Structure formats: C-alpha cells, structure tokens
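So in my numbering, the last one in the sequence shown is 1612, and the numbering has no gaps at all. Cβ coordinates follow ideal geometry from the N, Cα and C atoms, glycine included. Being a predicted model, the structure only gives us computed values, none of them experimental.
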Amino acid sequence: MNSRKWKLALLGVGLVAVGWLIGLVTSGNSRSGTSGESSGPAATESQTWTCSMHHQIKRNGPGKCPICAMDLIPVSQLKGKSDPGGRRLAVSEEARKLAGIRTVAVERRLVDAEVRLVGKIDYDESRKRTLAAWFPARIDRLYVDYTGIEVQKGDHLAHVYSPELLTAQKELLSAIKFGSDVETIRDKLRLWGLSDDKIRAIEGRGETSDRMDIDSPISGFVIQKYIKEGDYRKTGDPLFEVADLSDVWVQLDAYESDLPWIRYGQRVTFSAEAVPGREFEGVVAFLSPMLDPATRTVKVRVNASNPGVQLKPGMFVRAVVHSTLAGTGKVVAPELKGKWISPMHPEIISDKPGDCPICGMKLVKAEELGYAVLDGSAADPPLVIPASAVLLTGKRAVVYVEVPGQSQPTFEGREVVLGPRAGGAYLVDEGLKEGDRVVTEGAFKIDSALQIVAKPSMMSPEEGKKEGEGGFTLTEPMSPDFMTQLAVAFDQYLKLQEALASDDLKGAQGAAVSVNEALDSTDMGLLGEKTHEFWMSQLIPMQEALIALKQAPDLDAARTRFHALSDAFIAVAKGFGLPTKTSLSVAHCPMAFGNQGADWLQSGDAIRNPYFGARMLK
C-alpha cells in the first residue's frame, strides 16, 4: 500500500497496538526488577529495529519507517522475557485488560440468515402463446390493432382471406357427398385452427367461405403484433403473441455468497415500488447452472401468482429469503418433513410419493432437494463464531484462540476454513472445535504484536520460510547466462509495475511488449530438466497475461492481468532466486480486487501500488 494511504488508514490502530505492546514489555521488565533498557550489557548489543506496521522494514539502528514514518522499534526489546514460541503470544493479565481482549466460546447452533436479493418481473414462459398462420392468408381486418390490449380465450383477433381455406372446405363437402376420407379432411381443418363447431357449421350449411376469423387461444394480453391490415402471410408466419399474466416469474440476481442459503422450493417474499405496502410471495423454481461473468451473479427464478395483474413485466422488485443452514450444508425446513415435491413445479407438495399432476414427473423427497429435517444427524447444528473474530486476508481467514491451561493469558493464531456468513456470524468448516475460545475483540492487536517480532501472523502465514519453499525447490545450479537473460525480463516487469502505479495504461502496454520480448529471448536450452519443467509452468501464464494486458481496454482490465503476471514472476523469483542486481521485495495490497488481496514485486522501500495507482498517492 502507498505510504500516505497506510498512514491515514492504519496509523491510529498501529499506535494503539504499539502502545499496548510497549506497556506489556515495560510491565514485564518491572516485575523482573530491571530498571530500564539503558542499564546492563544488553544496551550495548547490536539490535534490529523494525516498524510496528510494516515488519518487512529492518534497520540496524533507530529511525523512521520509510512507508508510514512511524518510529522504528527494537525487535529484541519486544520479544519479552517469556516467549511461548510458534504462532503464540503470551501477555500479562494487566496487558490483556489494557488491550481490551475478549473471547467467546465456539458453539454449535443453528443460525438464521436473511438473504436480500433484487430483480425484476418477467413473463411466465409457460403462459405465453405465439399465434401463427396455419395456412397462407391475407389480413383483411384487425380486430386487435395495438399491443397491450387484454383479450379472452376465443376473442377474435383478425379476419383473413384465404383461397386455400376455400379449397379445403370444398374438399370436405365433396368427401361428405361421396363418403370418402371425411375424417382426414376434418383433421386438416382442425390443424388449420377451425374448431369442431365451425366444421359442423360448414357441414350443416353446405356452403364454403374464403374468409375466417382468427381467435385467441388463451386469455391474457397481446404483447406482440406482427401484422397489419393488407399483409400477406404464409404458413408458419407469426401473427400475434399473447401472455397470461395471472402468474409471473420473478428473475432475481444472487451473488455467489448468497447461493449456500438458497434452495429449490424455498418460499420467497418480495415487494415492488409500484405496489407500496404490499408483500407478495413466491417459490424458488429454478437456479441457473451458469454464472453471469459480467455481474458475477446467478439467476434465481421465482414463480409467483399475480392477482389483479398488479405486477407488470419489467418492474424492479426487492426480495428476501429466510434460511437456516444445518451442519451438513442443507437448509433446515421442518415444515417439509416427510413431504414429497415435484422437481419441475415446486408448488406441488404431497404427503406421499406419486406423480406431479402438471408434468407427470415422479415426486421426490424434500431431503433430496437439499433440505434437512430437525430429527437425525442431517440437522446437526454447524460450528459458529462471531464475524468479529475473523481476520480476513483475501485468500485466508485467521482467528486467535485462547490456549487453556497456561500460567498467563496465551493466544494462538489458527487458519480456519469458513463457511457462509450469516449476519454477524460465520459458519466454520475446519480449524476449530466446539468449546474453543476465540478472540472477538483485540485480535488485530495480537496479530500486530506477532508481526513486530517476525512471527507468523495474518500477513505472514509461515515462520522462517525461505524463497522457493512451498513450491519448486532448486536442486541444480542455475546457468549464469540464463539468469542474465531473465534479469532483462524482471527489469521490464518493474517498468510495467511503475506504469500501472502511475495510471499509465499506454506505458504499461508498451512495457508488456518489452517483457514478452525479453521472455522470448531467454534460452531454455540452458536449463536442466527440472528447472525447464518449472520454467514452462510459469512462462505460459506469463505470456497469456501479457497478451491479454496488451489488449486491455482500460486500467482495471490491465491490473487484473498484472495480478496473474506478478504471481508467476514471484514464483520464479522464489524458485530460481533473484536475477537482478538490485534487491526486490514482495509487496501486498489487502484491499485489491474487492479485499481479496494481491502481491507484486518492487524495488525500494516506498510502496508503489500498481493495483490502485495514483489514488494511493493522494
């Protein structure tokens, strides 16, 4: 992060954490009878000084942090007399009270979530009818001459002229007269839209007509009119589209984090601004299997009745889904215990197995659709912790747990796997057990203390990890010539990073071309078998990111590609070692990409953030 941004965002919290830590050390020293740091042989020893907020800064003497300008603090001074080791921090009771550290027990309980969604009203596709021309005809008259008009089943929509219709009627009368193929001709007329009553009337009159009225097949509203008077239409051409609005669909947008709480068949309440004070109810009938990459949402379709046609297609609505998750990830629905549901029509619920009266499909048990009953293991409550206990870094979640049975308050950091969030609580999948006491207030102060003494923390998950660990391990010497070639690519990468930090899209794309050319110039024949395999695993994503970055339409798209490029460059630097003469460091921005966090390589101590650019310099 940029120095001024960090100064504004974290200076206050950092001062509190540092003040607490200094108080902790001072109180620990006073109890041991030490009068101060200036007395004794330790005062003459060489010490490492660091910043309380940026522990990557290390100096041999006192001074100011180059990032946030805070005073550097001796690392050895802050380790204290009693170091529990590992990812733990021991404090005195007085320091615990001063820091305001509070803990709560991890418990198993059912939690309710209120998922709020937005969307709009749409036509029920199963209640739309397209009226097409059954035979070639000319439109002589339109009874319905504009869209939006309400019609009833059987209402006349248009009057048409058709010589083919006249010919078919003559064939019918001839067949009756000579007693041959009568039913075949009747079927032909039925397919042309003539009702049995009209066919009997023709037979009774014994007369033919080359004109006919086109009637509406359903009650509803004419939503499309494809013809005008005088038009000629051939068989199959659409004439009208009619929609029954007594039932509608509600198309809602659900974010990925909402999906664990939504199930087929759930009740949904929603409201529209056009109908103030009125709540409508529907049933989840479909969850799209695809996610919209533009909005990062999934379509959730709700079937709802529409009495009085108050809901109009296109209206915006706000919806609420109330849900309770069991430990198995199923939604608790006691009202569906022992029920059977239609897999196509969720409004069909039965007390026993059978067939859906609408579609004829077999009914299925509610449990098979993702529901849990209240008796049995299927409804075991999940592990739950307060949301305030979790420190999120983007890819990881860290909580601090009070270690029992210690002589003084001791707290241990743990990485946990979180389930969905329910209001002010998180469901926990891994990392904790029932009865553990997690820190709900003061966790950030504990984490800051661990950062200062270079222990594993939220920002530095592994203690003493060397470059290359956790991924590729170099087992053969690197070619000096290859490293010289690779250094050119790293130099061009730094220019790309600087361009993005300055909001210079054109400069970034030019640097991307240079990086790609430098990568193409490397001689892979200088690599051994294992190093060549590792290099190819990183070169491909590098080149893909560079090609996309060169074509990026804006800075946001370019920064997304730079993220992938940086991950590959960091992996190469850790695997092969730094090829450049200047020292580089891995910088991290926890707020990048919606607080998911992102890393990059840079030279020097001053942060130049390529993910936020000039905004971080203001």
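When C-alpha distances from R1312 are compared across V1358, V1244, V1326, the shortest belongs to V1244. Here G1055 has W1043 as same chain residues with Cβ atoms under 7 Å from its own Cβ, once five neighbours each way along the sequence are excluded. Judged by DSSP secondary structure, H1150 falls outside any alpha helix (DSSP H) and instead within the beta strand (DSSP E) spanning 1150-1155. Within the region 1076-1131, the complete beta strand (DSSP E) segments at least 3 residues long are 1082-1084, 1096-1099, 1105-1117, 1122-1126, listed from N- to C-terminus. Per the Cβ contact rule, the region 1298-1314 is not in contact with the region 1325-1339 (fewer than 3 Cβ pairs under 8 Å). It is roughly 11 Å from the alpha-carbon of G1407 to the alpha-carbon of F1438. Per DSSP, reduced to three states, the secondary structure at R1194 is helical. Apart from sequence neighbours up to five positions away, the residues of its chain that approach Q1402 with a beta-carbon distance below 8 Å are S1076, A1084, V1085, S1086, E1087, ordered along the chain.
Here E1409 has R1390, A1391, V1392, G1425, P1455 as same chain residues with Cβ atoms under 8 Å from its own Cβ, once five neighbours each way along the sequence are excluded.
L1246 and A1360 have their alpha carbons spaced roughly 23 Å apart.
Where S1401 is concerned, there is no enclosing beta strand (DSSP E), because DSSP gives it neither an H nor an E. Annotation note: the region 1171-1243 contains the following uninterrupted alpha helix (DSSP H) runs of length 4 or greater, listed N- to C-terminal: 1176-1185, 1190-1199. Going by C-alpha positions, E1108 is about 40 Å away from P1535.
C1059 counts as buried, since no fewer than 16 other beta carbons sit within 10 angstroms of its beta carbon. The region 1110-1129 and the region 1209-1223 touch, with three or more beta-carbon pairs separated by less than 8 Å.
In terms of CA proximity to A1493, Y1605 leads the group T1202, Y1605, V1411, T1229. By the C-beta density criterion, T1516 is buried, having at least 16 other C-beta atoms within 10 angstroms.
Cβ neighbours of A1169 within its own chain (closer than 7 Å, five residues either side excluded): D1175, V1176, I1179. Residue state for D1550 is assigned as helix, using DSSP reduced to three classes.
The alpha carbon of A1567 has as its nearest neighbour, out of D1485, A1552, L1540, V1326, the alpha carbon of D1485.
Scanning its chain for C-beta atoms nearer than 8 Å, with the 5 sequence neighbours on each side dropped, one finds around W1186 the residues W1128, F1129, L1159, A1162, in chain order. The criterion of a C-beta distance shorter than 8 Å is not satisfied by V1277 and P1337. In chain order, S1210, S1213 place their CB closer than 8 Å to the CB of Q1146, counting only its own chain and leaving out the 5 sequence neighbours on each side.
Distances from the alpha-carbon of G1413 to those of S1451, G1323, L1499, S1442 put G1323 closest. One Cα belongs to Q1537, the other to I1352, and the distance between them is close to 55 Å. Residue pairing by DSSP places C1583 opposite A1592 in a beta bridge. Within 10 angstroms of the beta-carbon of D1430 lie 16 or more other beta-carbons, which makes it buried.
DSSP, read as helix, strand or coil, puts D1497 in coil. For H1526, the enclosing alpha helix (DSSP H) stretches over residues 1523-1544.
Around the beta carbon of Y1365, 16 or more other beta carbons sit within 10 angstroms, so the residue counts as buried. Counting every other CB atom within 10 Å of its CB across the protein chains shown gives V1325 a total of 16 or more, marking it as buried. Rounded to whole angstroms, A1546 and A1552 show a C-alpha spacing of 5 Å.
Residue burial is scored here from C-beta neighbours: K1219 has at least 16 other C-beta atoms within 10 angstroms and is therefore classed as buried.
The straight-line gap separating the alpha-carbon atoms of V1098 and G1504 is approximately 54 Å. Residue environment: F1570 is assigned as buried (16 or more neighbouring CB atoms within 10 Å of its CB, all protein chains considered). About 6 Å separates the Cβ atoms of A1419 and A1381, confirming a contact at the 8 Å cut-off.
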